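As structure tokens, the structure follows; a few thoughts come after it.
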Amino acid sequence: MKLIAFLAILSLASTACAFDVSSSNPALGDKVTLTGTANPGQKVDFQTSFQMDLPVNSGKYEYVANGVDIPQKPNQFAVTATGIKDLNVGVKIGIWISKGFTATNGVATVSHSDVPPGRYDLKVFGEAVDGGRSVNLKVAAETAVNADTAGRYSLDIDTSGIPSGAYKIEGAGETKIIQVGGVEEAPKVEEKTAPASPSTPVASTETGSGYSGSPSGKETVANSVPQKTTENASGGQNMSSSQPPAGQEKGFIGWLQDSLQGILG
Amino acid sequence: MRPAVLMFIIFCVSGALAQNYNNYTLPTYPSMSGGWLALGGANDVLMPHINLKMPEGNWTYPYDYYPVFARNQNVTGTFFGTSRTAGSTIGVIVLKLDTSSFQEALRELYKTEAFDRVEPTGFKSITLNGTGIGHFSINCLTSGLYVLLVVDLKKLSVLSALPMFATDDEISVESPDIAAKGETLKVKIKVLQGQRNISRMYGAAIVSLETYRAASINTSSNGLKDKMTSVISLGNKSLKLVGEPKISQTIVDQILPILPDDSALAMAESNKTESEMYLIHDGDWKPGRYVLTCGVYSNNGLGGIRQKIIEMV
Chain A
173 MKLIAFLAIL
183 SLASTACAFD
193 VSSSNPALGD
203 KVTLTGTANP
213 GQKVDFQTSF
223 QMDLPVNSGK
233 YEYVANGVDI
243 PQKPNQFAVT
253 ATGIKDLNVG
263 VKIGIWISKG
273 FTATNGVATV
283 SHSDVPPGRY
293 DLKVFGEAVD
303 GGRSVNLKVA
313 AETAVNADTA
323 GRYSLDIDTS
333 GIPSGAYKIE
343 GAGETKIIQV
353 GGVEEAPKVE
363 EKTAPASPST
373 PVASTETGSG
383 YSGSPSGKET
393 VANSVPQKTT
403 ENASGGQNMS
413 SSQPPAGQEK
423 GFIGWLQDSL
433 QGILG
Chain B
107 MRPAVLMFII
117 FCVSGALAQN
127 YNNYTLPTYP
137 SMSGGWLALG
147 GANDVLMPHI
157 NLKMPEGNWT
167 YPYDYYPVFA
177 RNQNVTGTFF
187 GTSRTAGSTI
197 GVIVLKLDTS
207 SFQEALRELY
217 KTEAFDRVEP
227 TGFKSITLNG
237 TGIGHFSINC
247 LTSGLYVLLV
257 VDLKKLSVLS
267 ALPMFATDDE
277 ISVESPDIAA
287 KGETLKVKIK
297 VLQGQRNISR
307 MYGAAIVSLE
317 TYRAASINTS
327 SNGLKDKMTS
337 VISLGNKSLK
347 LVGEPKISQT
357 IVDQILPILP
367 DDSALAMAES
377 NKTESEMYLI
387 HDGDWKPGRY
397 VLTCGVYSNN
407 GLGGIRQKII
417 EMV
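For the record, the sequence lines run as chains A and B.
Heads up: the first sequence begins at 173 in this note's numbering, then just goes up one per residue.
Heads up: the second sequence begins at 107 in this note's numbering, then just goes up one per residue.
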């Protein structure tokens, strides 16, 4: 789920002009810099999504990632799990904070915007639907950068903590794919159809470089070898285009505010 | 806390002899001169120590626990006066505090010195018996934060005071009593008599008992909101807030880092009257006793709050 951060930055889609990527084959933990030009002061949005299939053991699934780097604000993230009874997402911000969601028709989504930048440990877990062998986990992210007075912009992406593999970056009307963590298998991108309904497993663009067990990053996956896939840009599971999912809701801070205000009167 | 104790008693020793409410302070010792206030049937909740230093006077809450009542629950209690107050008539007043502004709430509290300017939520006039003891019962309260005052009706002075919460519903908490390090702690919260088919937020927090007991909030003010300072202390970490301590994302962001590593939060939202959540704890938590605090909130207000002790092994 460092992916989250990474994805947020990686999938850049927007209105600006073309952008450049400092490296198309960064090692895990390397910094990748996106640069480009736009109108002076223009906000350039970037979007990305990423998904993987998690195995189910004893009816449960789990995904853990350590040291995920959350980029600058504004940022927005969404995690969608398919084939589940419930979805629990934990973030370690000094302490562990977790939030649970009940699935509707086997699908649950959690989203959050303007997460304070920083490095976090993440954990996604819960119960799969009865008889399910795998759970599809999709992470979508979005961030933005402002061009300077000369119209130049630059965005750094920290790749530590994310799974190795091919990532699609969308922005400025352009899509680029980079291979993070070395080329264990040649990355390839093939398109599949977009999701039809919440109860239908989300189809996606897959990379040939499957997510092979414990990735070379800090990420670990309990008891299993999940498969990672990269979302098709046009097929679109990004934050701005996804339909309101079952179980989606406001973030922890909002809840805490409400709760404390409730407690206080 | 103290789950075996159904009768939660908080002895609130106020200025039994105080002549001026501005100087009213809750001492930290049980006064032999009377002024004790005992509440029955409340759910006791451990809270941080709160100290207020205001132009109107200083206020210290000397006890670990705060009484919490459910909406449909009558507030019953006993006032233990002195022999000198035997046979006299006292008033038991319940005021709901306007908590939209922390400072205004405090002023409202202090304003009670002039009782004609406040409209009590509840009022009972009782006559103390020959030993200065009187029992009272106040009808159900809506959810919110209240202060209960015992007043000498002749002198219009406060004999005893106590803050208390009222919640919309009662809740129950199911969790293991013992947790192993590194294991996720499953918590199930049930709303016992609440309204059905409304959206509720369920929350759980776990903090070591040692940390919880040492937590404190010290607030001081010269009367101006922007000059108010609050220091929140948790363990060996503290946070200083300037200005009125309104709940905001900024403040929450500031508080999260000072929470000790051996604590965790969990939450869930549901339209049902129960929900499960998981508190994640790392393997480096110290063995010992931890306070599990669970709460439920809806648009109607605080739906319930309850605590229990978890033993970490």
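Here a beta-carbon is modelled for each residue, glycine too, at the ideal position from N, C-alpha and C.
Source: prediction; values computed, not measured.
Answer yes or no: does any C-beta atom of chain A fall closer than 8 Å to that of Pro173 of chain B? Residue mapping note: residue 173 of chain B aligns to position 67 of the second sequence, counting from 1. Cβ-Cβ to chain A under 8 Å: no for Pro173 of chain B.
Specify the secondary structure class of Asn404 of chain A as computed by DSSP and reduced to three states. For the purposes of this step, residue 404 of chain A is identified with residue 232 of the first sequence, where counting begins at 1. With a pLDDT of only 34 at Asn404 of chain A, under 50, the local geometry of the prediction cannot be trusted, and the value read off the model is given with reservation. Correct three-state label for Asn404 of chain A: coil.
Span of the beta strand (DSSP E), counted from its first residue to its last, around Arg395 of chain B: Walking along the second sequence from the start, residue 395 of chain B turns up at place 289. Bounds of the beta strand (DSSP E) holding Arg395 of chain B are Gly394 to Ser404.
Inter-residue Cα distance where the pair is His284 of chain A and Ala322 of chain A: By 1-based counting over the first sequence, the position of residue 284 of chain A is 112. By 1-based counting over the first sequence, the position of residue 322 of chain A is 150. Cα to Cα, the separation comes out at about 32 Å.
Reference Leu365 of chain B, options A:Glu342, A:Ile269 and A:Val193, closest by Cα: Position 259 of the second sequence holds residue 365 of chain B. Looking from the CA of Leu365 of chain B, the closest CA among A:Glu342, A:Ile269 and A:Val193 belongs to A:Ile269.
Which residue marks the beginning of the beta strand (DSSP E) containing Leu330 of chain B, and which one marks its end? Numbered from 1 along the second sequence, position 224 holds the residue referred to as residue 330 of chain B. Premise fails: Leu330 of chain B is in no beta strand (DSSP E) and is neither H nor E.
So the alpha helix (DSSP H) Glu316 of chain B belongs to, where does it begin and stop? Within the second sequence, residue 316 of chain B is the residue found at index 210, counting from 1. Where Glu316 of chain B is concerned, the enclosing alpha helix (DSSP H) stretches over Leu315 to Ala320.
Would you mind working out which of A:Tyr325, A:Gly353, A:Thr207 and A:Val301 sits nearest Gly255 of chain A, comparing C-alpha positions? For the purposes of this step, residue 255 of chain A is taken as residue 83 along the first sequence, with counting starting at 1. Gly255 of chain A has its Cα closest to that of A:Val301, out of A:Tyr325, A:Gly353, A:Thr207 and A:Val301.
Show which residues of chain B have a CB atom less than 7 Å away from the CB atom of Thr274 of chain A. In the first sequence, the residue the question calls residue 274 of chain A occupies position 102. Chain B residues near Thr274 of chain A: Ser376.
Hey, how far is the Cα of Glu276 of chain B from the Cα of Asn178 of chain B? For the purposes of this step, residue 276 of chain B is taken as the residue at position 170 of the second sequence. For the purposes of this step, residue 178 of chain B is taken as the residue at position 72 of the second sequence. About 9 Å.
Is Arg324 of chain A close to chain B, meaning its C-beta is less than 8 Å from at least one C-beta of that chain? Your numbering for residue 324 of chain A matches position 152 in the first sequence. Chain B contact via Cβ: absent.
In or out: Asp359 of chain B buried (at least 16 other Cβ within 10 Å) or exposed? Translated into positions along the second sequence, residue 359 of chain B becomes position 253. By the neighbour-count rule (16 or more Cβ atoms within 10 Å), Asp359 of chain B is not buried but exposed.
When we look at the beta-carbon of Met411 of chain A and count the other beta-carbons within 10 Å, is it buried (16 or more) or exposed? Translated into positions along the first sequence, residue 411 of chain A becomes position 239. Any reading at Met411 of chain A must be qualified, since the residue scores a pLDDT of 27, below 50, and its modelled position is unreliable; the value itself is stated next. Answer is buried; the Cβ neighbour count reaches 16.
I want to verify the contact list: residues of chain A whose CB lies under 8 Å from the CB of Ala370 of chain B, in sequence order. As a working note, residue 370 of chain B is residue 264 in the second sequence. At a beta-carbon threshold of 8 Å, the residues of chain A lying near Ala370 of chain B are Ile267, Trp268, Ile269 and Ser270, ordered along the chain.
Going along chain B in order, which residues have a C-beta closer than 7 Å to the C-beta of Lys295 of chain A? On the first sequence, position 123 is the one that residue 295 of chain A refers to. In chain order: Ile386.
Give the single residue among B:Ser263, B:Pro269, B:Gly410 and B:Ser381 whose Cα lies nearest to the Cα of Glu203 of chain B. The sequence position of residue 203 of chain B within the second sequence is 97, counting from 1. The sequence shown places Leu at residue 203 of chain B, rather than the Glu named in the question. Nearest of B:Ser263, B:Pro269, B:Gly410 and B:Ser381 to Leu203 of chain B, Cα basis: B:Pro269.
For the pair the region 311 to 325 of chain B and the region 334 to 341 of chain B, tell me if three or more CB-CB distances fall below 8 Å. yes
Assuming the contact rule is C-beta atoms closer than 8 Å, Ala344 of chain A and Val261 of chain A should be a hit. Round their C-beta distance to whole Å, please. Reading the first sequence from its first residue, position 172 is the one you call residue 344 of chain A. Reading the first sequence from its first residue, position 89 is the one you call residue 261 of chain A. With 8 Å as the limit, Ala344 of chain A and Val261 of chain A do not qualify as a contact, their Cβ atoms being about 31 Å apart.
Hey, does Met334 of chain B have any beta-carbon neighbour from chain A nearer than 8 Å? Mapped onto the second sequence, residue 334 of chain B falls at position 228. Answer no: the Cβ-Cβ gap between Met334 of chain B and chain A never drops below 8 Å.
By the three-class DSSP mapping on this structure, what secondary structure does Arg190 of chain B have? Along the second sequence, read from residue 1 onward, the residue named residue 190 of chain B stands at position 84. Reduced to three states, the DSSP call for Arg190 of chain B is helix.
Would Val311 of chain A pass as an interface residue toward chain B - the criterion being a Cβ-Cβ separation below 8 Å? As a first step, residue 311 of chain A is located in the first sequence; it is residue number 139 there, counting from the start. So, not an interface residue.
Phe249 of chain A and Ala338 of chain A look like a contact to me (Cβ under 8 Å); what is the Cβ gap, rounded to whole Å? For the purposes of this step, residue 249 of chain A is taken as the residue at position 77 of the first sequence. For the purposes of this step, residue 338 of chain A is taken as the residue at position 166 of the first sequence. Rounded to whole angstroms, the Cβ separation of Phe249 of chain A and Ala338 of chain A is 20 Å, and the two are not in contact under 8 Å.
Quick one: Cα of Lys392 of chain B to Cα of Asp368 of chain B, how far? Your numbering for residue 392 of chain B matches position 286 in the second sequence. Your numbering for residue 368 of chain B matches position 262 in the second sequence. Approximately 7 Å between the Cα atoms of the pair.
Looking at the strands, I want to know which residues DSSP matches up with Arg324 of chain A. Taking the first sequence and counting its residues from 1, the one referred to as residue 324 of chain A is at position 152. According to DSSP, which records beta bridges pairwise, Arg324 of chain A is partnered with A:Thr209.
Please list, in chain order, the residues of the region 230 to 250 of chain A that have any C-beta partner in chain B closer than 9 Å. If you check each beta-carbon in the region 230 to 250 of chain A against every beta-carbon of chain B, none falls closer than 9 Å.
From the beta carbon of Pro363 of chain B, is the nearest beta carbon of chain A less than 8 Å away? As a first step, residue 363 of chain B is located in the second sequence; it is residue number 257 there, counting from the start. Yes, Pro363 of chain B counts as interfacial toward chain A.
Under a Cβ-count criterion, where at least 16 other Cβ atoms within 10 Å of its own Cβ denotes burial, should Tyr292 of chain A be classed as buried or exposed? Locating residue 292 of chain A in the first sequence gives position 120, counting from the first residue. Flag for Tyr292 of chain A reads buried.
Counting C-beta neighbours from all protein chains within 10 Å, is the total for Gly309 of chain B 16 or more, i.e. buried, or is it exposed? One-based indexing of the second sequence puts residue 309 of chain B at position 203. Label assigned to Gly309 of chain B: buried.
Have a look at the DSSP bridge pairing and note the partners of Tyr171 of chain B. In the second sequence, the residue the question calls residue 171 of chain B occupies position 65. According to DSSP, which records beta bridges pairwise, Tyr171 of chain B is partnered with B:Leu152.
Within its chain, find whatever has a CB closer than 6 Å to the CB of Gly239 of chain A; leave out the 5 residues flanking it on each side and keep chain order. Taking the first sequence and counting its residues from 1, one reaches residue 239 of chain A at position 67. Hits under 6 Å: Arg291, Ser332, Gly333 and Lys390.
Consider the Cβ of Glu382 of chain B: report whether some Cβ of chain C lies at a distance smaller than 8 Å. The structure shown has no chain C; the protein chains it does contain are A and B.
With respect to the beta strand (DSSP E) encompassing Asp275 of chain B, which residues constitute its N-terminal and C-terminal limits? In the second sequence, residue 275 of chain B corresponds to position 169, counting from 1. Neither: Asp275 of chain B is in no beta strand (DSSP E) and is coded neither H nor E.
Could you have a look at Thr182 of chain B and say whether DSSP puts it in helix, strand or coil? Position 76 of the second sequence, counting from 1, holds the residue named residue 182 of chain B. If DSSP states are grouped into helix, strand and coil, Thr182 of chain B belongs with the strands.
Given that Asp359 of chain B touches chain A, what residues does it touch there, using C-beta distances under 7 Å? Numbered from its first residue, the second sequence carries residue 359 of chain B at position 253. Within chain A, the residues near Asp359 of chain B are Pro288.
Have a look at the DSSP bridge pairing and note the partners of Gly309 of chain B. Translated into the one-based positions of the second sequence, residue 309 of chain B becomes position 203. Bridge partners of Gly309 of chain B: B:Met373 and B:Gly401.
Which value, in whole angstroms, describes the spacing of the CA atoms of Thr182 of chain B and Gln413 of chain B? As a working mapping, residue 182 of chain B is identified with position 76 in the second sequence. As a working mapping, residue 413 of chain B is identified with position 307 in the second sequence. Taking the straight line joining both Cα atoms gives about 21 Å.
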